[in-house]
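These notes are about the structure you will find just below.
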Amino acid sequence: MKKISYLIIISLGLIFASCASKNQDAENEVKIQSTTSISHSFLNEKDIGKKFTIKGKLVQDNDSFRIIENQNSKNRVTFFLTFEEDSIEEKLIDKNNDFVTVSGILISSDSPWVKGLKVLKVE
Numbered sequence: 001m002k003k004i005s006y007l008i009i010i011s012l013g014l015i016f017a018s019c020a021s022k023n024q025d026a027e028n029e030v031k032i033q034s035t036t037s038i039s040h041s042f043l044n045e046k047d048i049g050k051k052f053t054i055k056g057k058l059v060q061d062n063d064s065f066r067i068i069e070n071q072n073s074k075n076r077v078t079f080f081l082t083f084e085e086d087s088i089e090e091k092l093i094d095k096n097n098d099f100v101t102v103s104g105i106l107i108s109s110d111s112p113w114v115k116g117l118k119v120l121k122v123e
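For the record, in the sequence shown the residue sitting at position 121 is 121 according to the numbering used here, with numbers rising by one throughout.
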């Protein structure tokens, strides 16, 4: 009789656990919003000459370009861009105020929040 009682208790426990863990919203798709969480504020003079990939909002003022990384954050970093080839600069002209990804060589690090980047590639 004891064995039957234990068997019933265990069965009821498993049934309860199964019902309690049932996800009623399983049909609904979970959407995850990606954000930029990388801040290159840590780059300093020791990193000059190294290659980095930067993603941010492209801003054009007259003939100069800059990318603002994490623009809505207190940790935003501004990269002033220079170009080795005019063709790279031409790729960015139509992307003013868009989010872009570029790869290049760090050429200056004036502060944690202001850097210089020589762009080698627009992705």
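C-beta atoms are modelled at their ideal positions from N, C-alpha and C, and glycine is treated no differently.
- In chain order, 65, 66, 67, 68, 96 and 97 place their CB closer than 8 angstroms to the CB of residue 59, counting only its own chain and leaving out the 5 sequence neighbours on each side.
- If you draw a straight line from the Cα of residue 44 to the Cα of residue 15, it is about 59 angstroms long.
- Residue 54 is bridged by DSSP to 102.
- Straight-line measurement puts the Cα of residue 113 at about 16 angstroms from the Cα of residue 53.
- The Cβ-Cβ distance between residue 120 and residue 48 does not fall below 9 angstroms.
- As computed with DSSP, residue 109 is found in a beta bridge with 115.
- Beta-bridge partners assigned by DSSP to residue 69: 77.
- Following the DSSP letters along the chain, one finds residue 91 inside the alpha helix (DSSP H) bounded by residues 86 to 93.
- For the set 81, 111 and 115, the Cα lying nearest the Cα of residue 122 is the one of 81.
- By the Cβ-count criterion, residue 70 is buried, with 16 or more other Cβ atoms from all chains shown falling within 10 Å of its own Cβ.
- Counting other Cβ atoms within 10 Å of its Cβ, residue 87 stays below 16 and is therefore classed as exposed.
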